[in-house]
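Residue numbers (the numbering used here): 3 to 370.
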Amino acid sequence: MKASSRWFLGAIAVVLAVLSLAAGILAMPSVEDVVFTRLAEHHLRAGAAALLKDDALKVLLCGTSAPFADPHRAQSCVAVIAGGRYYLVDTGPGSSRNLMLWQLQGRELGAVFLTHFHSDHIGDLGEVNTNAWLAGHVGSLQVFGGPGVEQVVNGINQTYALDQSYRTANSGAQMLPPVSAVIHPVVINLIGPPSHEKTRRSPPMQFGELTVMAIEVNHDPAEPAYGYRFDYRGRSAVVSGDTEYHPALADAAKDTDVLIHEAQSQHLVQLIQKGAERTGDARISQTMGDIQHYHTDPQDAARIANQAHVRLLVLTHLDPPVSNPLLYRMFYRGMNHVRAHGWISGEDGTLVTLPVGSTNVNVSTIAR
Ligand SMILES: [Zn+2]
Ligand SMILES: [Zn+2]
Numbered sequence: 003m004k005a006s007s008r009w010f011l012g013a014i015a016v017v018l019a020v021l022s023l024a025a026g027i028l029a030m031p032s033v034e035d036v037v038f039t040r041l042a043e044h045h046l047r048a049g050a051a052a053l054l055k056d057d058a059l060k061v062l063l064c065g066t067s068a069p070f071a072d073p074h075r076a077q078s079c080v081a082v083i084a085g086g087r088y089y090l091v092d093t094g095p096g097s098s099r100n101l102m103l104w105q106l107q108g109r110e111l112g113a114v115f116l117t118h119f120h121s122d123h124i125g126d127l128g129e130v131n132t133n134a135w136l137a138g139h140v141g142s143l144q145v146f147g148g149p150g151v152e153q154v155v156n157g158i159n160q161t162y163a164l165d166q167s168y169r170t171a172n173s174g175a176q177m178l179p180p181v182s183a184v185i186h187p188v189v190i191n192l193i194g195p196p197s198h199e200k201t202r203r204s205p206p207m208q209f210g211e212l213t214v215m216a217i218e219v220n221h222d223p224a225e226p227a228y229g230y231r232f233d234y235r236g237r238s239a240v241v242s243g244d245t246e247y248h249p250a251l252a253d254a255a256k257d258t259d260v261l262i263h264e265a266q267s268q269h270l271v272q273l274i275q276k277g278a279e280r281t282g283d284a285r286i287s288q289t290m291g292d293i294q295h296y297h298t299d300p301q302d303a304a305r306i307a308n309q310a311h312v313r314l315l316v317l318t319h320l321d322p323p324v325s326n327p328l329l330y331r332m333f334y335r336g337m338n339h340v341r342a343h344g345w346i347s348g349e350d351g352t353l354v355t356l357p358v359g360s361t362n363v364n365v366s367t368i369a370r
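Shown next, in the form of structure tokens:
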């Protein structure tokens, strides 16, 4: 054997010995305990303070899927962050998990605004409230929505009553007061008589320096259906909720910084419908036919954004979920002809930051 080969084999033997020694040390119970404790301390210290910093209006997508299941997307949820607190527009299934992963457990949760009462928008309301209560949220969490919100809230309070009694019995009423465990419904009524055009809005609602307004949209037969507009120290965001193409939304979103708009690719839904017809799945075929009229194609969402002159359009409630490059291309086919710039496809964790005193629109992804 040549001297260079002997040297090489010797070096490998030394590296393997060091690695196995290191693996042995790391596997010692006392070392594992120290590593785990340090990681837990780091996690607890980090919190969500940076995210909640009071220097911007922020919009964080906490659920971007419609009812189609997707491993990387929860269902409808948008967090609006302002004044050191955050506000949730809808709490779709899976959204409470995202919020927990991002350390938004609920102590700073200002309120929940429901757009309408389809299950993909309300499924995690009980979990969001329970997490907030456990995290030390003071008082009843307010849940705003159109008429019907009382029925949803009362049902969830009833469903969670036993869970809450067990937890208070275990930790004491000082730690987990029953009064803070229940959610409180607040009905938002719109101004003026109903009309076919659905152009009504609510009076402005004030949360510190944050102003919130409900906007009537068209998701018939899901009625009422609202979008919401948020204004904070000169910056603004609108969340469409579920709606068909609704030009009145462009008026309500006029000149806002960010429009978060639902999107359903009618072309892809029609292809699924055809596939279901060929495989003899009548239920899927009918469902794909039934959902087409009350959602908005991405190109129509872009038209609303153009009419409103918003700086950034963020597509969400993606139906079907955009889960690979092929689907992305098909979902947004022709999009750039309508709006060449100023739009993005939303992902769970997409964070839009609108600094106060600036016209900047900064897009990032929250660290997981
Ligand atoms: Zn929906
Ligand atoms: Zn809906």
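Even for Gly, the Cβ is constructed at its ideal location relative to N, Cα and C.
Candidates the options: which alpha carbon is nearest residue i's?
i	options	result
His123	Thr258, Ile306, Thr318, His45	Thr318
Thr93	Pro73, Trp104, Ala303, Leu116	Leu116
Ala137	Met177, Val155, Phe119	Met177
Val145	Gly65, Gln268, Gly112	Gly112
Arg235	Ser78, Arg305, Thr361, Leu329	Thr361
Val303	Ser267, Ser238, Val363	Sequence inspection shows Ala at residue 303; the Val mentioned does not correspond to that position. The option with the nearest alpha carbon to Ala303 is Ser267.
Ala216	Gly210, Asp222, Lys200, Pro223	Lys200
Val312	Leu11, Val260, Gln160	Val260
Val188	Leu164, Val151, Ser197, Gly174	Val151
Asn159	Asn172, Gly336, Ser142, Gly174	Ser142
Run through DSSP, which three-state label would residue i get?
i	result
Ala113	strand
Phe70	coil
Val363	coil
Tyr168	helix
Tyr88	strand
Leu353	strand
His319	strand
Ala175	coil
Gly157	helix
Ile286	helix
Gly277	helix
I think residue i touches residue j, with their Cβ atoms under 8 Å apart; what is that distance to the nearest whole Å?
i	j	result
Arg109	Pro323	Rounded, the Cβ-Cβ distance is 31 Å, inconsistent with contact.
His263	Asp244	Actually they do not touch by this definition, with Cβ atoms about 10 Å apart.
Ala29	Leu59	About 48 Å; that fails the 8 Å criterion.
Pro95	Asp126	6 Å
Gln107	Asn133	5 Å
From which residue to which residue does the beta strand (DSSP E) around residue i run?
i	result
Pro187	185-189
Leu106	First-last for Leu106: undefined, no H or E at that position.
Arg231	228-234
So, for residue i: in the same chain, excluding its five sequence neighbours on each side, which residues have a beta-carbon less than 7 Å away from its beta-carbon?
i	result
Thr170	Leu178, Pro180
Gln294	Gln268, Val271
Leu315	Leu261, His263, Ala303, Ala304, Ala307, Arg341, Gly344, Trp345
Near residue i, which residues of its chain fall below 6 Å by C-beta distance, leaving aside the five closest residues on each side in sequence?
i	result
Ala183	Trp135, Gln166
Val130	Thr93, Ser98
Met290	Val271, Ile274, Gln275
Output yes if chain D places a C-beta closer than 8 Å to the C-beta of residue i; else output no.
i	result
Asn308	Judged by its chain identifiers, the structure shown contains no chain D, having just a single protein chain.
If I follow the unbroken alpha helix (DSSP H) through residue i, where does it start and stop?
i	result
Ser32	31-48
Gly96	Looking at the DSSP string, Gly96 is not in any alpha helix (DSSP H), and its letter there is neither H nor E.
Thr331	Here residue 331 is Arg; the residue named in the question, Thr, does not match the sequence. Taken as a continuous stretch (DSSP letters only), the alpha helix (DSSP H) holding Arg331 covers 327-333.
Excluding the 5 residues flanking residue i on each side, which residues of the same chain have their C-beta closer than 8 Å to its C-beta?
i	result
Pro206	Thr213, Val214, Met215
Any heavy atom of ligand 4 closer than 7 Å to the beta-carbon of residue i?
i	result
Ala68	Among the ligands present in this structure, namely ligand 1 and ligand 2, ligand 4 is not found.
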